[in-house]
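S.K.: Let me begin by handing over the structure; questions about it come next.
There are 2 protein chains.
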Amino acid sequence: MVRLEDVARAAGVSKATASRALSRPDLVAAGTRERITRLAEEMGLRLNPTARALYTGRTGALALVVPSLTNPYFGPILAGAQRELAERGGHALIAAAESAGDEIDLAQSLFGHVDATVLIAPRAPDDRIRALAERTRLVVVDRYLEGVRCVIADTPEGVGQLVAHLTALGHRHIGYVGGPGESSLDGQRIASVQRGAEVAGAVVEVVAPVPPELDTGLRLGIDWPFSPDVSAVVAYSSYLALGLLIGLRERGVAVPEQISVAAVDHLAAVEGQLGVDGASHALLTCLRVPLEQLGRTAAAVAEEAEAGPVEAGPVGPVGPTTLLTALVPGRSTGPRNRHPGG
Amino acid sequence: MVRLEDVARAAGVSKATASRALSRPDLVAAGTRERITRLAEEMGLRLNPTARALYTGRTGALALVVPSLTNPYFGPILAGAQRELAERGGHALIAAAESAGDEIDLAQSLFGHVDATVLIAPRAPDDRIRALAERTRLVVVDRYLEGVRCVIADTPEGVGQLVAHLTALGHRHIGYVGGPGESSLDGQRIASVQRGAEVAGAVVEVVAPVPPELDTGLRLGIDWPFSPDVSAVVAYSSYLALGLLIGLRERGVAVPEQISVAAVDHLAAVEGQLGVDGASHALLTCLRVPLEQLGRTAAAVAEEAEAGPVEAGPVGPVGPTTLLTALVPGRSTGPRNRHPGG
DNA sequence: TTGAAAGCGCTAACAG
DNA sequence: CTGTTAGCGCTTTCAA
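Heads up: the sequence lines are chains A and B, in that order.
The first sequence begins at 1 in the working numbering and counts up one residue at a time.
The second sequence begins at 343 in the working numbering and counts up one residue at a time.
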């Protein structure tokens, strides 16, 4: 490995000058600078980031801790964070928590390796997360804790839109399939569904917790868990909704003619834009959640954050950074049929 | 941040002794050692990994370069690699190549940060990958290059099994949906399909390249790209196969009664084990690719590899590490019908 | 504008 | 068994 010193010697200058020529060009005479940069290029110099980090105290890395690398929901978030980092010259150290709540230990183990940590949809107890926030630059994604920098997608507001969409289509009995209960956000979503239903004079049935897999949706489509009155279902995961769609059809229930299905998230691979007589329709009616943007924002906030907990603003505690979702109408929802197929 | 020196002073010993007490306990007197470890614990000492890395020349990190973080195929591979690393006390630096072929530059930019690099399904030209292998510890996953350490899943052999399964069911016209052509493996898969078909007196039609998305499968199900004789289709991606399944059914074509569908990979979220009168059947007939194991193996090989290209063994070049796939029969394939539905 | 020197926090010879 | 010393490769005062 060619070191700074090698280039400095070749250029007939000191390490200090060579270093400056590369990191603070304006402090070096044009001729010298050029000679050094050319030589650095020719000799294939790669400044040792470890040595630099030791001196500067900054590694240029960000820890991204996810509950799972196999859950495709997190892929776009990671991709967004990574892209933001790449643009800023940093890089991502990604770790998956083996078991729920494990994320704190994981983050701790990465402490010295990174400048800041992003916890994505962590399932650890509030106080442990807060304790972590005291000791490092921390950003939390998809969960809200007062006093901690949070970036969240406003899916509670989004499911409100979904419910409005369904009640406008005449549905009065709505089923909601919810996720594992660690997420405070899912609680908010359920509350939002209920509020939305109430104003339209509709009622809600909730089934939870359900893992976000196609197979589970398939089963629900076949072993209908709701009352026969339910004519529209909102699932918190696209995979569930897709499974539901297939399961219902396997059982001979037409979607959306007999049952409408909608999903809270939106996975690219499942998007299913289908041209039908010129118009483009999504396979599933769903909420477009700005996952990539979520990751980008989290990375940006983390890079710019100070260490320690976020202090209160002039008018009270600083709230989370919130991103809005958008309703994507698709072919899986339609007007309520008078003869529900439950 | 509490440093080694702080603990050493508190314990009344030199940094050297403190260091030894932590990393080579057997070299230190029991009493001293205990005092130091207790103090280190109490004071919350976290050895600075950067300083350690600077001296030892090893960062303890492995670069994992993937073509995409949103493609769920790579999630399990990353998870496997990460788990293996975690068990070895290392960690993963994950980067996604923005554009095809970009992976070399990415890997270069991570050079000093990691001890070795794993390129997952890289799309860069052979010679660039080889050049990289000359200069760093490199492992390539899901692609074979002579002279470079490779870990691959034997999907060519696997599709042979799929084709045998289909010809045994009476299918004589088989469609294959292939991926973007950068992958030499897909070429081998196509060859394997053709070989398998030939021995059974069947013919193959290939459609490629096709992106691995549900939507694409949906379109293919509706705008049938094969001749009407084709009664069974093998898709290189579960998403495609799933889309095909839905698309065909939307068009009123029964699966598997009229058309059989199978997939080369196997995504957990899409697995769809469904109990039918006690028996468990997968939704899709597919190949179980040991993705997680692929990642684990790659990480293990990378950790143990020497720098530079792999040298020839006693009887010729060292081949790739190969993992076998397994056929998972599901409900999407069945006996050929006399009245194909194309 | 440049160089000499100190030091980031750790580990490992080498003496004692 | 323990302390002293010399760096790992870089950045940055401080002088020249």
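We put the beta carbon where it would ideally sit given N, CA and C, even for glycine.
Any Cβ of chain B within less than 9 Å of the Cβ of A/R336?
M.R.: No, no contact with chain B.
S.K.: Could you tell me whether the Cβ atoms of B/V575 and B/Y486 are closer together than 9 Å?
M.R.: no
S.K.: Would you kindly work out how many angstroms separate the C-alpha atoms of B/P598 and B/F568, rounded to a whole number?
M.R.: 17 Å
S.K.: Using 8 Å for Cβ pairs, my map puts B/T412 next to A/A79. What's the rounded Cβ distance?
M.R.: For a cut-off of 8 Å, the C-beta gap from B/T412 to A/A79 is around 5 Å, short enough to register as a contact.
S.K.: Is B/I462 close to chain A, meaning its C-beta is less than 9 Å from at least one C-beta of that chain?
M.R.: For B/I462, the nearest beta carbon of chain A is not closer than 9 Å to its own beta carbon.
S.K.: Using a Cβ-Cβ distance under 9 Å, would B/H433 count as near chain A?
M.R.: yes
S.K.: Out of A/L93, A/P122, A/G101 and A/D126, which one is the CA nearest neighbour of B/L452?
M.R.: A/L93
S.K.: With a cut-off of 9 Å, does the C-beta of B/H724 fall near any C-beta of chain A?
M.R.: With chain B running from 343 to 684 in the structure shown, residue 724 of chain B is simply not present.
S.K.: For the beta strand (DSSP E) holding B/R491, just list the boundary residues, first then last.
M.R.: R491 to A495
S.K.: Can you check whether the C-beta of A/P345 is within less than 9 Å of a C-beta belonging to chain B?
M.R.: Outside the modelled stretch of chain A, which goes from 1 to 342, sits residue 345 of chain A, for which no answer is possible.
S.K.: Is B/A577 close to chain A, meaning its C-beta is less than 9 Å from at least one C-beta of that chain?
M.R.: no
S.K.: By the DSSP assignment, the alpha helix (DSSP H) with A/T297 in it spans what residues?
M.R.: L291 to E304
S.K.: Mark B/R638 as exposed unless 16 or more other C-beta atoms lie within 10 angstroms of its C-beta, in which case mark it buried.
M.R.: buried
S.K.: Hey, how far is the Cα of B/P682 from the Cα of B/V572?
M.R.: The predicted model places B/P682 with a pLDDT of 46, which falls under 50 and marks its position as unreliable, so this point remains unresolved.
S.K.: Mind checking if A/T50 is an interface residue toward chain B, Cβ cutoff 9 Å exclusive?
M.R.: yes
S.K.: In the segment 392–423 of chain B, which residues sit with their C-beta less than 7 Å from some C-beta in chain A, listed in chain order?
M.R.: T392, A393, A395, L396, T401, L411, T412, P414, G417, P418, L420 and A421
S.K.: DSSP three-state call for B/S602: helix, strand or coil?
M.R.: strand
S.K.: Between A/D157 and B/P414, what straight-line distance do the alpha-carbon atoms span, to the nearest angstrom?
M.R.: At residue 157 of chain A the sequence reads Glu, which differs from the Asp that was named. Cα-Cα distance, rounded: 28 Å.
S.K.: Between B/E440 and chain A, is the shortest Cβ-Cβ distance under 9 Å, so that the two count as touching?
M.R.: yes
S.K.: With C-beta atoms as the reference, is A/V310 less than 9 Å away from A/R149?
M.R.: Contact check for A/V310 against A/R149 passes: the beta carbons are separated by less than 9 Å.
S.K.: Chain A beta carbons: is any one of them nearer than 9 Å to that of B/F687?
M.R.: It is not possible to answer for residue 687 of chain B, since the shown part of chain B is limited to 343 through 684.
S.K.: Along the chain, which unbroken stretches of the alpha helix (DSSP H) at least 4 residues long are found entirely within the segment 408–464 of chain B?
M.R.: 416–429 and 445–451
S.K.: Comparing C-alpha positions only, which one of A/E84, A/A95 and A/E87 sits nearest to B/L406?
M.R.: A/A95
S.K.: Compute the beta-carbon to beta-carbon distance between A/L62 and A/V118, rounded to the nearest angstrom, for a pair I have assumed lies under 8 Å.
M.R.: 6 Å
S.K.: With 7 Å as the C-beta to C-beta threshold (strictly closer), list the residues of the segment 247–258 of chain A near chain B in chain order.
M.R.: The segment 247–258 of chain A vs chain B, Cβ under 7 Å: R249.
S.K.: How far does the alpha helix (DSSP H) with A/G247 in it reach, from first residue to last?
M.R.: Bounds of the alpha helix (DSSP H) holding A/G247 are S238 to E250.
S.K.: If distances are taken between C-alpha atoms only, which option among A/P209, A/Q194 and A/T136 comes closest to A/L162?
M.R.: A/Q194
S.K.: Tell me the rounded alpha-carbon separation between A/E5 and B/R394.
M.R.: 21 Å
S.K.: Using alpha carbons as the reference points, say which of A/S332, A/K15 and A/V66 lies closest to A/S238.
M.R.: A/S332
S.K.: How far does the alpha helix (DSSP H) with A/R143 in it extend, from its first residue to its last?
M.R.: Premise fails: A/R143 is in no alpha helix (DSSP H) and is neither H nor E.
S.K.: Would A/L27 be called buried (16 or more neighbouring beta carbons within 10 Å of its own) or exposed?
M.R.: exposed
S.K.: Which of helix, strand or coil does DSSP assign to B/L364?
M.R.: helix
S.K.: Run down chain A in chain order and give the residues with a C-beta less than 7 Å from the C-beta of B/I436.
M.R.: A92 and I94
S.K.: Among residues of its own chain, excluding the 5 on either side of A/R58, which ones have a beta-carbon nearer than 7 Å to its beta-carbon?
M.R.: D115
S.K.: Whose C-alpha, out of A/A202, A/H113 and A/M43, is nearest the C-alpha of B/T389?
M.R.: For clarity, residue 389 of chain B is Leu in the given sequence; the question names Thr instead. When only C-alpha atoms are compared, the closest one is A/H113.
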